[in-house]
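If you're matching positions, the sequence shown starts at 1 in full-length UniProt numbering and goes up one per residue.
Positions of the beta carbon are idealized from the N, C-alpha and C atoms, including for glycine.
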Amino acid sequence: MTTYGYGGRGRISLGDGTPPDLETLMAVAERLTAALHAEYPGIAEYGVIIQRQFEQSAEDGLPPNLGRIRSSLNEIAIRAGAGTGSLTFTQRLLDDLGL
């Protein structure tokens, strides 16, 4: 099992290389939002948007709205500095979602 560290903000384990399940994606989105609140409070709303998309997906059983998620992740990626937890979580979600 491979375990990735996220800047001291927790660990997400990905077992056999398959994409993470919705619960794992929700945990990463929650950590992204927390990192944004700490590092870039002015753009923390994008993390909240991502979290809401995953929550809505969990509630209705439909896939999350990848367009809204992609737009929010792109905004974060443009504004977050290299080496920050915000950018690390953003890159993780982009990779996991194939965006």
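Buried versus exposed call for residue i [16 or more other C-beta atoms within 10 Å across all chains shown]
| i | result |
| --- | --- |
| G47 | buried |
| I76 | buried |
| T88 | buried |
| L66 | exposed |
| A82 | exposed |
| residue 103 | This structure does not reach residue 103, given that the chain is present from 1 up to 99, and the question cannot be answered. |
| R11 | Summary for R11: the model assigns pLDDT 42, below 50, so the residue's position carries little reliability; its value from the coordinates is reported in the next sentence. Exposed, since its Cβ has fewer than 16 Cβ neighbours within 10 Å. |
Close beta carbons around residue i, own chain, < 7 Å, minus the five adjacent residues each side
| i | result |
| --- | --- |
| Y40 | R79, A80, S86 |
| I49 | R68, S72 |
Close-in-space but distant-in-sequence residues of the same chain around residue i (CB under 8 Å, 5 per side omitted)
| i | result |
| --- | --- |
| I26 | One detail in the question is off: residue 26 reads as Met in this sequence, not Ile. Same-chain partners within the cutoff: Q51, F54, E55, A58. |
| A44 | T33, L36, H37 |
Residue from the options with nearest C-alpha to residue i
| i | options | result |
| --- | --- | --- |
| Q91 | A29, D60, L22, D21 | A29 |
| T84 | R70, D60, R31 | R31 |
>> So within the stretch 6-83, which uninterrupted beta strand (DSSP E) runs reach at least 3 residues, ignoring any that extend past its ends?
In response: Taken in chain order, the complete beta strand (DSSP E) segments of 3 or more residues contained in the stretch 6-83 are 11-14.
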